[in-house]
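Everything on this sheet refers to the single structure shown next.
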Amino acid sequence: MRGSSATVTLLLILFLSILFISYITLKKGEEIPSVPQGGDLAVIGGTTAALISALEGAGAGAQVYLFSNGRELLEDTSFLVAEGLAAISTPSQLERGIDLTAEDFQKEIQEKGKGVAEPLLLEAFVSEAHLFYELARYYGGIEFDSLPDPAEKPYFHLSTFPGAGQKFQTLLLEKAEKAGVIFRSERIREIHCSPERVQRLILENEKGETFPFYIQGAILADGGYCGDIFSRHKYLPQGNLISLRPEEKGEGLRLALELEADFLQTDYLNKKILLYNPFKEHFREFSLVKSNKTFYINGEGHVLPGTVSLEEIADFILRSPEGKAFVLVSEKIALGLEEREYFQLINTPDRLASFCGLTEPPASAGHFSFQSSYYISYVKVGVDYTPGGLSVTPLGEIKNGEGKIIRGLYAAGEITGGLHGEGMLPGMALSETIFLAGRAGRSAAEYARR
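Number 130 in the numbering used here belongs to position 126 of the sequence shown; there are no gaps in the numbering.
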């Protein structure tokens, strides 16, 4: 009995000593080392691609943690859904007797998306194009049941479902939660790799404290980089360019490039022509970019007819003196535009010269007959999508500059590149997201389990 009592006393003293040491340590402001945290798979981003990747990874048996990295969940979903779906073998096509094969679809992509960088990725994409319609319905509960231009764009579908974007958001989030995806609020500061594979993340909590989070695999899916466009496209003049999604800073891209990942298609941007109010800093997409009644003028007196290509118009604006690019339309055209508020009356050649900051009317002023009035507006180029991105395999594995796979590191969504070059088919953004996010999620889960 005495021995047992002595043991209890000794244990009690030891316990009190630990409490005292812990108290002293905390009084000094030092943290007691915590148990290391980690899981099978980390998905970085709050995008549609991130949620689909997480859902598929959890469905394949992995313990999945999703880090939105300070971004609102699914903020891109409504945009993707509104832009439509590119697919083949859909009910709408079959009802109309449209037989669009995978080979036909691949040819369309190659012709429109000149400079496709990854042939194997394209082949894998078109081989699953017959699944996109049903997958969209599974993830988002909506049908892309309309073919707005079956003759010219038989692959392009829109949804007539009221509130389609919101419904897609709601159902996808519910599915991810039910699948057991764990949502974390910390931000990802770094990804650490051994020479062979991904090992851990460095997280930062709301107090600014950092700590490691050990993982088997990670999927980068936090969107593009159009809010940080000039770090990737330094040759572009900045003054006449507006980012339509300034929140897209490309954090995932930065993390990947720190690991020497390969980056594709740095020279192409999807551009829109914007009417601009320099006094209120408001802008709006111009509905009549190309017309024989439209002229583009800059502060150097150069004139470009509105009958040329969108790329030529955008290039003209970007290379104009900062804040000195304009569009001129006839009075009849201007009064019929919804964006009429952005235009000002110009009724003489001298008034035109003054507005453009010129000492005399443009040399091509003969194009304009001032027998009737014209209206003028400032214009800039807007960017809302960045096709360039990380080089990946058909399984979503990220490659380095030597073409070798960075083991355990995957990507999906707008952060990836390779399926299009100078152009992009309508509806491809959502289709690419569904294709690569699903593949990356399943592949990463399988890798993590191994």
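The beta carbon of each residue, even a glycine, is placed where N, CA and C say it ideally should be.
- Pick out whichever of L278, Y218, N296, S377 has its Cα sitting closest to the Cα of V387. Residue numbering aside, residue 387 sits at position 383 when the sequence shown is read from its first letter. If we check each option's Cα against that of V387, L278 comes out closest.
Looking only at its chain, what residues have a beta carbon closer than 7 Å to the beta carbon of Q114, apart from the 5 residues adjacent to it on each side?
Locating residue 114 in the sequence shown gives position 110, where the first residue counts as 1. Only V120 meet the Cβ criterion.
* Where I36 falls: helix, strand or coil (DSSP) -> In the sequence shown, residue 36 corresponds to position 32, counting from 1. Caution is warranted here: a pLDDT of 42 is assigned to I36, below 50, making its placement in the model unreliable, and no coordinate value can be reported.
- Query: In its own chain, which residues sit with a C-beta less than 8 Å from the C-beta of K328, not counting the 5 before and 5 after it?
  - Reply: Looking up residue 328 in the sequence shown gives position 324. So the list reads N302, G303, E304, C360, G361, once near-sequence residues are dropped.
Review point. In chain order, which beta strand (DSSP E) runs of at least 3 residues are fully inside the region 193-281?
Key: Fully enclosed beta strand (DSSP E) runs of 3 or longer: 202-208, 214-224, 245-247, 274-281.
Next item on the list: Measure the C-alpha to C-alpha separation of G442 and F290 and round it to an integer number of angstroms.
Entry: The sequence position of residue 442 within the sequence shown is 438, counting from 1. The sequence position of residue 290 within the sequence shown is 286, counting from 1. C-alpha separation (whole angstroms): 36 Å.
Local conformation of R454 per DSSP, three classes: Looking up residue 454 in the sequence shown gives position 450. Three-state DSSP puts R454 in coil, outside helix and strand.
* Asked: Thinking C-alpha only, which one of H424, L125, L413, I410 is nearest T270?
  -> Numbered from its first residue, the sequence shown carries residue 270 at position 266. For T270, the closest of H424, L125, L413, I410 by C-alpha to C-alpha distance is H424.
In its own chain, which residues sit with a C-beta less than 6 Å from the C-beta of A445, not counting the 5 before and 5 after it? For the purposes of this step, residue 445 is taken as the residue at position 441 of the sequence shown. Going by the sequence as given, residue 445 is Gly instead of Ala. Only S57, E60, G61 meet the Cβ criterion.
| request: Pull up the distance between the alpha-carbon of E436 and that of A180, whole angstroms please. | output: If you number the sequence shown from 1, residue 436 lands on position 432. If you number the sequence shown from 1, residue 180 lands on position 176. Between E436 and A180, the alpha-carbon positions lie close to 20 Å from each other.
Review point. Residue range of the beta strand (DSSP E) that G144 falls in?
Key: Counting from one through the sequence shown, the residue named residue 144 turns up at place 140. Boundaries around G144 are those of the alpha helix (DSSP H), 136-144, since no beta strand (DSSP E) includes it.
| field | Same chain, Cβ closer than 8 Å to A54, five either side skipped, listed in chain order | value | Within the sequence shown, residue 54 is the residue found at index 50, counting from 1. Once the five neighbours on either side are set aside, the close Cβ partners of A54 are V47, I48, L70, S72, I223, A225, D226, A416, G417, A441.
key: Endpoints, alpha helix (DSSP H) assigned at S358   = As a working mapping, residue 358 is identified with position 354 in the sequence shown. It spans 353-359 - the alpha helix (DSSP H) in which S358 sits, taken as one unbroken run.
| query | In angstroms, rounded to a whole number, what distance separates the CA positions of V460 and A318? | reply | Past the edges of the chain, shown from 5 to 454, lies residue 460, and the structure says nothing about it.
Determine whether the beta carbon atoms of Y159 and F109 lie at a separation below 8 Å. Start at 1 with the first residue of the sequence shown, and residue 159 comes out as number 155. Start at 1 with the first residue of the sequence shown, and residue 109 comes out as number 105. When the beta-carbon positions are compared, Y159 and F109 come within less than 8 Å of each other.
Practice task
My understanding is that P282 touches Y414, with C-beta atoms under 8 Å, so please give their C-beta distance in whole angstroms.
Solution key: If you number the sequence shown from 1, residue 282 lands on position 278. If you number the sequence shown from 1, residue 414 lands on position 410. So it is not a contact: roughly 43 Å between Cβ atoms.
### Query
Using CA coordinates, which residue listed in G228, L104, R201, L308 is at the minimum distance from A367?
Within the sequence shown, residue 367 is the residue found at index 363, counting from 1. Looking at the Cα atoms, L308 is the closest of the given residues.
T437 (DSSP reduced to helix, strand or coil): Reading the sequence shown from its first residue, position 433 is the one you call residue 437. It is helical.
Self-check item: Assigned exposure category for Q220 - 16 Cβ within 10 Å defines buried
Solution: The sequence position of residue 220 within the sequence shown is 216, counting from 1. Looking at its Cβ environment, which holds 16 or more other Cβ atoms inside 10 Å, Q220 is buried.
> Can you give the beta carbon distance from Y300 to F347, rounded, assuming they're within the 8 Å contact cut?
Replying inline: Taking the sequence shown and counting its residues from 1, the one referred to as residue 300 is at position 296. Taking the sequence shown and counting its residues from 1, the one referred to as residue 347 is at position 343. So it is not a contact: roughly 14 Å between Cβ atoms.
Shortest alpha-carbon distance to P123 belongs to which of A265, S395, G145?
Counting from 1 along the sequence shown, the entry for residue 123 is found at position 119. Checking every option, the nearest Cα to that of P123 belongs to S395.
Checklist entry - Buried or exposed: which applies to S358, given that a residue is buried once 16 or more other Cβ atoms fall within 10 Å of its Cβ? => result As a first step, residue 358 must be located in the sequence shown, where it is residue number 354. Here S358 is exposed, its C-beta having fewer than 16 other C-beta atoms within 10 Å.
Given that a residue counts as buried once 16 or more other Cβ atoms are within 10 Å of its Cβ, and exposed if not, what is H286? If you number the sequence shown from 1, residue 286 lands on position 282. That one is exposed.
Next item on the list: Can you tell me which of the three DSSP states K403 falls into?
Entry: Looking up residue 403 in the sequence shown gives position 399. DSSP places K403 in the strand class (E or B) of the three-state scheme.
Notebook entry, point to check: Are there 16 or more other CB atoms within 10 angstroms of the CB of G65, so buried, or fewer, so exposed?
Noted result: By 1-based counting over the sequence shown, the position of residue 65 is 61. Answer is exposed; the Cβ neighbour count stays below 16.
Minimum C-alpha distance to P154 - residue among L77, G167, G101, A183: Here residue 154 corresponds to residue number 150 of the sequence shown, with the count starting at 1. Ranked by how close their Cα comes to the Cα of P154, the residues L77, G167, G101, A183 have G101 in first place.
Taking Y272 as the reference, which of P391, A91, V68 has the closest Cα?
-> Walking along the sequence shown from the start, residue 272 turns up at place 268. Of the candidates P391, A91, V68, the residue whose Cα lies closest to the Cα of Y272 is P391.
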